[in-house]
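To keep things clear, I will list the structure first and then write my remarks on it.
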Amino acid sequence: MPRKVVQGPIRDKEKTKQKLLNAVGKILKTKGYSGLMVSKIAAVAGFDKKLIYEYFGSTDKLIDEYIKSQDYWSKFAPEGDVDLSDGGKEMSKLAILNQFETLKKNKELQKILVWEMSESRPILKKLLDQREEVGEELFKNITDPHFGDKAEEYRAITAILVAGIYHLNLYTGHNGSTFCGIEMKTEEGRKKIEKALVDIIDYAYSK
Numbered sequence: 028m029p030r031k032v033v034q035g036p037i038r039d040k041e042k043t044k045q046k047l048l049n050a051v052g053k054i055l056k057t058k059g060y061s062g063l064m065v066s067k068i069a070a071v072a073g074f075d076k077k078l079i080y081e082y083f084g085s086t087d088k089l090i091d092e093y094i095k096s097q098d099y100w101s102k103f104a105p106e107g108d109v110d111l112s113d114g115g116k117e118m119s120k121l122a123i124l125n126q127f128e129t130l131k132k133n134k135e136l137q138k139i140l141v142w143e144m145s146e147s148r149p150i151l152k153k154l155l156d157q158r159e160e161v162g163e164e165l166f167k168n169i170t171d172p173h174f175g176d177k178a179e180e181y182r183a184i185t186a187i188l189v190a191g192i193y194h195l196n197l198y199t200g201h202n203g204s205t206f207c208g209i210e211m212k213t214e215e216g217r218k219k220i221e222k223a224l225v226d227i228i229d230y231a232y233s234k
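Per my numbering, the sequence shown starts with residue 28, numbered consecutively.
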């Protein structure tokens, strides 16, 4: 009689790892970063906590992998069919508008951003550094050559756009709905913000 193959956490390593990562997201969304304790993560995932150490090395490394999987800029890469001959103008619009929409939908990413702004931890500093490295490559290789000696001016504009996107989504995601008289929880209101983002980029490239 053939030996029965038993499925379990050791055999299904990738599935188990994903459940542990998902558990981090569930806790972050419902309890916030203060709830990210090894015993709690293991309980939510339904596994022994030793699997966290076996598959990730530590709780911090598990959380680190989860955060990287959610971060918009750490994963961003220009689409293959994006024409960069305009100095990155259309790429900039696409990146900014996609981030605006992504952050609205991703409540876990909202929690991560709040965590970044309220607590100093090596795991968060590492994420910020990685995000800056991605941004530096985009600036250095695409927009800086276009703007030349005004490259830092465009970087400053981008910084304000990204910060505005963070604030508007965090504000409306937690406490408010109206900002500067614009109803941010309606499609019409968000379209107005999207148009303003595009207009600012167009203005920067027209200078």
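Note that CB positions come from ideal geometry on N, CA and C, so glycine has one too.
Should residue i go down as buried or exposed, given a rule of 16 or more other Cβ atoms within 10 Å for buried?
i	result
I25	Only positions 28 to 234 of the chain appear in the structure, and residue 25 is not among them; the question remains open.
L47	buried
R148	exposed
L155	exposed
T213	exposed
A183	exposed
Between which two residues does the alpha helix (DSSP H) containing residue i stretch?
i	result
F166	Segment: none, F166 is in no alpha helix (DSSP H) and carries neither H nor E.
T43	K40 to T57
S61	Unbroken run through S61: none, as it is neither H nor E.
G216	E214 to S233
Return the chain-ordered list of same chain residues with a C-beta closer than 8 Å to the C-beta of residue i, the five sequence neighbours on each side being excluded.
i	result
L63	V51, I54, L55, T86 and I90
G114	I169, T170, P172, H173, F174 and Y232
E221	L124 and F127
What does a CB cutoff of less than 7 Å around residue i pick up in its chain, not counting 5 residues either side in sequence?
i	result
K120	V225 and I228
Y198	F206
Candidates the options: which alpha carbon is nearest residue i's?
i	options	result
K102	V109, Q126 and G114	Q126
G59	Y230, E135 and G115	E135
T129	Y80, V189 and K177	V189
K88	I68, T185 and E117	I68
N133	A72, A122 and D98	D98
L151	K219, I94, K44 and L111	I94
Below 6 Å CB to CB, which residues in the same chain sit around residue i once its five sequence neighbours on both sides are set aside?
i	result
V141	none
E117	none
| What are the uninterrupted segments assigned as beta strand (DSSP E) that are 3 or more residues long and contained completely in the stretch 68-122, given in chain order? | none
| said: Going residue by residue through the stretch 135-187, where are the continuous alpha helix (DSSP H) segments of at least 4 residues, counting only ones entirely within it? | reply: 149-165 and 171-174
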